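Everything below concerns the one structure shown next.
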Amino acid sequence: MAKLNAIGLDKEKSKKLSEKLNELLADYSIFYQNIRGYHWNIKGDKFFELHDKFQELYEDLFVKIDEVAERIQTLGHTPDHKFSKYLKDAKVEESTEVADGVKDVKDTLESLQIIITLQREILDLSADAEDEGTNALMSDYIREQEKLVWMYSSYLN
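Residue numbers (UniProt numbering): 1 to 157.
Next up, the structure:
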């Protein structure tokens, strides 16, 4: 029993999962702020469409950030909270140009690719750890985000 955490999962596997979830938290946090920037600064003939879509996306990311942090806590570890650490750890890059709708959508797609790839890694780790809670969370996120990739890609075509 000493090798199990409070929810009955292997402590070492839970630690590895929490580390990967903290990476995801960093990526989500940078992505969230990028999307907020797109929402605030979008210009041009697609303003109303993209302004609303970016708001939907950042509101969804806000919820996911909280869920990921809470999942790390549930696994018995501490979620990172410093933006300086997020900037260091994230694979999603901070956007600097945020007023061009086409570029913003392309950047959104690149960020989603990074995030979906990481979530698939976490999905593999959670399956190995028999962690159905993390597994279900990642599976739901991937399904939702794959649809977003299709929709944003269709917008560009």
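Backbone N, C-alpha and C define an ideal beta-carbon position, used for all residues, glycine too.
Because the structure is a prediction, the values reported are computed rather than measured.
Let's see if you can read the secondary structure: which residues bound the alpha helix (DSSP H) around residue 84? 83-89
Residue 135: buried (16+ other C-beta within 10 angstroms of its C-beta) or exposed? buried
Spatial neighbours of residue 180 within its chain, please: C-beta separation below 8 Å, excluding the five flanking residues on both sides. Residue 180 is absent from the structure shown; the chain starts at 1 and stops at 157.
Do the CB positions of residue 57 and residue 35 come within less than 7 Å of each other? yes
Between the beta-carbon of residue 112 and the beta-carbon of residue 73, is there less than 7 Å? no
Under 7 Å between the Cβ atoms of residue 98 and residue 38? yes
Let me know if residue 48 comes out buried or exposed under the rule of 16 or more other beta-carbons within 10 Å of its beta-carbon. exposed
Measuring alpha carbon to alpha carbon, tell me which residue in 140, 88, 44 and 20 is nearest residue 125. 20
Please work out which residues of its chain come closer than 8 Å, Cβ to Cβ, to residue 80, disregarding the five sequence neighbours upstream and downstream, and give them in chain order. 22, 25, 26, 86 and 89
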